[in-house]
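Residue numbers (the numbering used here): 494 to 1069.
Structure follows, in structure tokens:
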């Protein structure tokens, strides 16, 4: 079949998939995936050109990441506060741990389990917004908070995509290779991104000053393909460059003039992306792996519901029903999971991750669509099931956290100090990454003949111990700065807790210690599984996360008790 005819068939079938999904009141993504799977080479075979499907996937993924980058606002991210950051971390961390643990228990390899955990942890922005819009729930007060969480998840997805795209097989993954490739790649593309973010504005404004809409499309595509090519040259996925290019375009003063003509163009190719992803789905792989698919679907839905709902209940200004709505509306898998599955397939050769992910997307989207309209009934069931004393204790704890947050916002000087210390910690961390990346580039100067010859001559006269000592010496200053600013930040945080309730100093200090330990244990818990996978240790080492989580749960209960006592005493004194 000629290329033109095949493209026409794909376009018509993609249109059919979108219409079917709309008629069934489902997101178009599901219809595109379903029709692509049915008519693809593994089923009816109406579209059998796998090379063409692969091309549509690559270009569609590229433009999809460009679109996500255009919708990501760095200013909104920086001003979103710690609530969204904490909710996102809790949700991503717990779902990742649950997904990886189930995959390991089912006997899959550490790297396959690692990929599965990451794939399950991300929620679909497209499905989330489409279903809420179709159900008339897009104006719920919890939606802006959840959109902020989805934005941060997209950033996490970009870093995960960077990791998976850096390696062609499990044999390429060594601790040194990971550190080197990630630090070097992220440093180079980050430096180019910051340079373009600062310098492209005037040039683009001059180019587009007296231009038509077509010029905006060409300029956008030029920036996207330029950064995409750079990402490919340094070993990253082109989609990472596309995401950064989209964010650069979104930062321009006349960004809306770029977005309007670009959306129809991107919509066409992203539709082809979802259809083509469906085309490479293998129903035989789904049948073979149905126990894994069912287990991962249940784990994903339950973990996302509990993690998001519980975090939203404690950390946002919402009631129990609003927290439950937040939990059920974040259970779907989506577009980023498909991108990650496509990139991670090489790391899990025994599994067809794309087919497995597509099946879970169908199930989770249907589950979200069914659950989100039954929030009231589910809430009544929860009220009848959960003891009243437990609900009252959680209410007091949530009230305490809201009061502390309000007190910190009112203290403008302390809030400014927090921001300065946070910025200094970030700068020191970026400095550490930059130094390591520079050292790696210097030590492995492959591709630069004269530089490589010079470095080989230098390193032949210097022992590895001296080089290591030199690196440690250079890293001392930014590391010391990071530790110093972290210490100041924690001291100010402790002072804020005490000042919020000056008559509860003992409980406030106890609560502060528990919060710091909980944060440290949480970071340790989610770091252990990837670390043991990278180091090639026995999967049983991953079980070290379990005692960390148990201790974390005990500390959380103690913290909840202290917060409840503080708030109860405060209410009692106000009542008198």
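Virtual Cβ for every residue (Gly too), placed ideally from N, Cα, C.
Model, not experiment: these values are computed from the prediction.
Secondary structure of residue i, DSSP reduced to three states
{"i": "residue 901", "result": "helix"}
{"i": "residue 811", "result": "coil"}
{"i": "residue 1034", "result": "helix"}
{"i": "residue 823", "result": "coil"}
{"i": "residue 866", "result": "coil"}
{"i": "residue 782", "result": "coil"}
{"i": "residue 1009", "result": "helix"}
{"i": "residue 606", "result": "helix"}
{"i": "residue 637", "result": "helix"}
{"i": "residue 632", "result": "coil"}
{"i": "residue 839", "result": "helix"}
{"i": "residue 740", "result": "helix"}
{"i": "residue 536", "result": "coil"}
{"i": "residue 561", "result": "helix"}
{"i": "residue 501", "result": "helix"}
{"i": "residue 880", "result": "coil"}
{"i": "residue 647", "result": "helix"}
{"i": "residue 997", "result": "coil"}
{"i": "residue 542", "result": "coil"}
{"i": "residue 520", "result": "coil"}
{"i": "residue 616", "result": "coil"}
{"i": "residue 941", "result": "Per-residue confidence for residue 941 stands at a pLDDT of 42, beneath the threshold of 50, marking its modelled position as unreliable; the derived number appears in the next sentence. Coil."}
{"i": "residue 845", "result": "coil"}
{"i": "residue 984", "result": "helix"}
{"i": "residue 601", "result": "coil"}
{"i": "residue 716", "result": "helix"}
Chain-order list of residues whose beta-carbon lies under 6 Å from that of residue i (same chain, five-residue window excluded)
{"i": "residue 647", "result": "561"}
{"i": "residue 1025", "result": "1034, 1035"}
{"i": "residue 541", "result": "534"}
{"i": "residue 638", "result": "809"}
{"i": "residue 614", "result": "585, 588, 589"}
{"i": "residue 1003", "result": "1055"}
{"i": "residue 991", "result": "998, 1001"}
{"i": "residue 623", "result": "520"}
{"i": "residue 1010", "result": "1048"}
Residues near residue i in its chain [Cβ-Cβ closer than 8 Å; skip 5 each side]
{"i": "residue 942", "result": "Residue placement at residue 942 is flagged as unreliable, the pLDDT there being 42, under the threshold of 50; the coordinate-derived value follows with that caveat. Cβ within range, chain order: n/a, list empty."}
{"i": "residue 1069", "result": "Low confidence applies to residue 1069: its pLDDT is 44, below 50, so where it sits in the model is not reliable enough to give any reading."}
{"i": "residue 625", "result": "631, 633, 636, 822, 865"}
{"i": "residue 791", "result": "none"}
{"i": "residue 1018", "result": "586, 590, 1038, 1041, 1042, 1045"}
{"i": "residue 580", "result": "638, 642, 801, 804, 805, 808, 809"}
{"i": "residue 982", "result": "911, 914, 915, 918"}
{"i": "residue 989", "result": "897, 900, 901, 904, 907"}
{"i": "residue 781", "result": "none"}
{"i": "residue 847", "result": "770, 773, 774, 831, 834, 835, 838"}
CB-CB length for residue i against residue j, believed under 8 Å
{"i": "residue 1060", "j": "residue 889", "result": "4 Å"}
{"i": "residue 833", "j": "residue 851", "result": "About 13 Å; that fails the 8 Å criterion."}
{"i": "residue 584", "j": "residue 797", "result": "7 Å"}
{"i": "residue 776", "j": "residue 536", "result": "6 Å"}
{"i": "residue 824", "j": "residue 860", "result": "6 Å"}
{"i": "residue 762", "j": "residue 553", "result": "5 Å"}
{"i": "residue 557", "j": "residue 828", "result": "6 Å"}
{"i": "residue 529", "j": "residue 510", "result": "7 Å"}
{"i": "residue 721", "j": "residue 555", "result": "6 Å"}
{"i": "residue 653", "j": "residue 611", "result": "5 Å"}
{"i": "residue 741", "j": "residue 716", "result": "6 Å"}
{"i": "residue 602", "j": "residue 788", "result": "So it is not a contact: roughly 16 Å between Cβ atoms."}
CB contact flag (residue i, residue j, <7 Å)
{"i": "residue 1007", "j": "residue 1050", "result": "no"}
{"i": "residue 856", "j": "residue 605", "result": "no"}
{"i": "residue 739", "j": "residue 559", "result": "yes"}
{"i": "residue 921", "j": "residue 995", "result": "no"}
{"i": "residue 507", "j": "residue 523", "result": "no"}
{"i": "residue 1079", "j": "residue 826", "result": "The structure shown does not extend to residue 1079, since the chain spans only 494 to 1069, so no value can be given for it."}
{"i": "residue 837", "j": "residue 608", "result": "yes"}
{"i": "residue 550", "j": "residue 769", "result": "yes"}
{"i": "residue 799", "j": "residue 868", "result": "no"}
{"i": "residue 858", "j": "residue 620", "result": "yes"}
{"i": "residue 499", "j": "residue 545", "result": "yes"}
{"i": "residue 736", "j": "residue 651", "result": "yes"}
Neighbourhood of residue i by C-beta, 7 Å cutoff - its chain only, sequence neighbours within 5 removed
{"i": "residue 910", "result": "985"}
{"i": "residue 1015", "result": "586, 1045"}
{"i": "residue 947", "result": "Residue confidence is low: residue 947 scores 49 on pLDDT, short of 50, so the model does not pin down where it sits. Its coordinate-derived value is still stated next. Within the same chain, residue 947 has no close Cβ partners at all."}
{"i": "residue 502", "result": "539, 540"}
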